[in-house]
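Reading through the structure tokens given below for one structure.
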Amino acid sequence: MTYARFHFRTPDGVFTAVFSPDGLLAVRFPPPRPATSKASPEPPGPAPNPKLRGWFNLAAKAINAALAGRALPKLPPLDLAQGTEFHQAVWRALTEIPTGETRTYKQIAARLGRPKAARAVGQACGANPIPLLIPCHRVVAAGGRLGGFSAGLAWKELLLEREARSPRPGHFPIRCSRTNWSSAP
DNA sequence: CCACACTATTTAA
DNA sequence: TTAAATAGTGTGG
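Okay, so the first sequence: first residue is 2 according to the working numbering, each after it adds one.
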């Protein structure tokens, strides 16, 4: 199995996308610290083939849109094989939440025909390997509480706020630029 | 298998 | 604010 990592520089920090041969495997949020200093420079990986280049571009646009609070454009194929059947069912349900809207953990559970599995839904959200693009930040707790977020609640609040105020055709020009390739996961 | 101990929950007391 | 209920998953025997 060969992986490719793709780093996106944004005003919100450096995001990383990890690809398997089957598609997008994971999205990582910027490290808590502003990624200072002397981490060993990434060993450059093999030049990406056209298929990977296409995936990279799709991921870049999607991350760009997500950070702007806009609806997501076409995504690259997602490699969800690491998740259980239940997890994948939850993740698929999350992709059906429209931009700017939210659902509760319980609502997602009900959608899956398991009205009492709210807590398990939360667990599946926490296991979501592709936050931001699989919009687990749109899942909140009942009673208007925020719930949790694997990358930190500040991100969840930020994303929800941007989506909520995202003007119709509104633009929020955030640029992503390719910074580097590598071959390790 | 079985038993527990975890959860980004929810509801009732 | 606390406690109990509840489902899925990982771990240890």
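We treat Cβ as the ideally placed atom computed from N, Cα and C, and that holds for glycine.
Cβ distance (whole Å) where LYS107 is taken to contact ALA125 below 8 Å
About 13 Å; that fails the 8 Å criterion.
So for ALA125, helix, strand or coil by DSSP?
helix
Kindly list the residues whose CB is nearer than 7 Å to the CB of PRO77, restricted to its own chain and excluding five residues on each side of it in sequence; keep chain order.
GLY24, LEU25, TRP56, LEU59 and ALA60
PHE87 lies in the alpha helix (DSSP H); which residues open and close that run?
86-95
Would you call the CB atoms of GLY14 and SER167 closer than 8 Å?
no
Does the distance from the CB of THR96 to the CB of ARG139 come in under 8 Å?
no
Inter-residue Cα distance where the pair is SER183 and GLY144:
Because SER183 sits at a pLDDT of 35, beneath the cut-off of 50, its placement in the model cannot be relied upon, and the following sentence gives the value as read from the coordinates. Answer to the nearest angstrom: the Cα atoms are 44 Å apart.
Let's see if you can read the secondary structure: which residues bound the alpha helix (DSSP H) around LEU59?
51-69
Comparing C-alpha positions only, which one of ASN129, THR105, ALA5 and LEU159 sits nearest to GLY148?
THR105
Could you tell me whether the Cβ atoms of LEU113 and VAL28 are closer together than 8 Å?
no
Is ALA118 helix, strand or coil when you go by DSSP?
coil
Work out the CA separation of HIS88 and ASN129 for me, nearest whole Å.
8 Å
What's the C-alpha gap between ALA82 and LEU159?
29 Å
Report the rounded CA-to-CA distance for TYR4 versus THR17, giving the unit in angstroms.
13 Å
Beta-ladder partner(s) of LEU29, from DSSP
The sequence given here has Arg at residue 29, not Leu. BP columns for ARG29 point to THR17.
Candidates PRO74, SER21 and ALA63, of which the one nearest ASN50 by Cα
SER21
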